[in-house]
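Reviewing the structure listed below.
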DNA sequence: CTCAGTGTTCAGTG
DNA sequence: TCACTGAACACTGA
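Residue numbers (this note's numbering): 7 to 271.
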């Protein structure tokens, strides 16, 4: 379930377990869709014997810097994830590549539905999609004035703009719905008619929701019980929030959107 | 058997 | 060029 908070959690996982170590061996499995600008064999060869200097993230994109270029880039798509484990028996299914460090720690990249990419780049930040991202609100939350100016220029539904990676890199479908629910704003409302007060609330909710999700390592069971998150899955017609508010499901901004009409006018 | 889906990108339109 | 919309992508699981 990779949005900003999940990818940041995996970045930390990788940073804690593989940064500063040498890659002793690489397993990579043939996959002409996921290995996008390279092949599994070329990817493995490029990483073997490299030292991992840092694990970095912007939006939903993650990459590593090594002692030598090129650098690996990972995108998780709808169904990708990182896993750390110690031996072959603990390997997840649908594994695409696995880095075995000099101390035996293994970092695996899994992708079930193959929407997601692994690439090699001299500088991942210099090429799309990372080069085209707007600010990542966890790394650098723009000013209230910036939010007002950006949204004032957009006539699309606020839900669609929240998903625009030029606006808030890393915000995905569930974070967008959570922000609008907590801000009490209807997802179909045009961005350019939002009041300054509403925009201010959107900004602070983006910050607080992402911070909380990262603080609990994106573990959904530890998200606050009053979040819409717990009730938004499955498009259940009977779905209600913890307070008993009826939840409506509608396609807005091209995505399934969950909201509470009684609260979000 | 059908369909939705936590993401991105591209074609078509205005 | 840009803003916007809708479809396509791949695959699993409900």
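For each residue, glycine too, the CB sits at the ideal point set by N, CA and C. As the structure is a computational prediction, the values presented were derived from the model and not from experiment.
Inset, instruction - Give every residue of the same chain whose Cβ lies closer than 8 Å to the Cβ of residue 53, excluding the five residues on either side of it in the sequence, and list them in chain order. - result: 29, 32, 72, 78, 105
Inset, instruction - Thinking residue 193 and residue 186 are a contact (beta carbons under 8 Å), I'd like their distance in whole angstroms, please. - result: 5 Å
Inset, instruction - Under 6 Å Cβ to Cβ from residue 57, same chain only, skipping five residues before and after it: list those, please. - result: 28, 73
Inset, instruction - Please classify residue 114: does DSSP put it in a helix, a strand, or coil? - result: strand
Legend entry - Assigned exposure category for residue 247 - 16 Cβ within 10 Å defines buried: buried
Legend entry - Distance between residue 44 and residue 265 (C-alpha atoms, nearest Å): 41 Å
Inset, instruction - Let me know the alpha helix (DSSP H) ranges lying completely inside the stretch 8-80, each 4 residues or longer, listed in chain order. - result: 10-24, 46-53
Inset, instruction - Please name the residue in 9, 26, 204 whose C-alpha comes closest to that of residue 84. - result: 9
Inset, instruction - Ignore the nearest five residues each way along the sequence and tell me which others in residue 12's own chain have a CB closer than 6 Å to its CB. - result: 224
Legend entry - Where residue 256 sits in the DSSP three-state scheme: strand
Legend entry - Sheet register partners of residue 100 (DSSP bridge): Paired residue(s): none; residue 100 is not in a bridge.
Legend entry - C-alpha distance - residue 272 paired with residue 103, whole-angstrom precision: This structure cannot settle anything about residue 272, because the visible part of the chain is limited to 7 through 271.
Inset, instruction - Give every residue of the same chain whose Cβ lies closer than 6 Å to the Cβ of residue 241, excluding the five residues on either side of it in the sequence, and list them in chain order. - result: 255
Inset, instruction - Could you name the residues of the same chain whose beta carbon sits closer than 8 Å to that of residue 49, not counting the 5 residues immediately before and after it, in chain order? - result: 32, 34, 41, 78, 103, 124, 126
Legend entry - Proximal residues to residue 91 (C-beta, below 6 Å), its chain only, five neighbours per side dropped: 112
Inset, instruction - Taking 8 Å as the cut-off, decide whether the C-beta atoms of residue 206 and residue 150 are in contact. - result: yes
Inset, instruction - State buried or exposed for residue 257, treating a residue as buried only when at least 16 other CB atoms are found within 10 Å of its CB. - result: exposed
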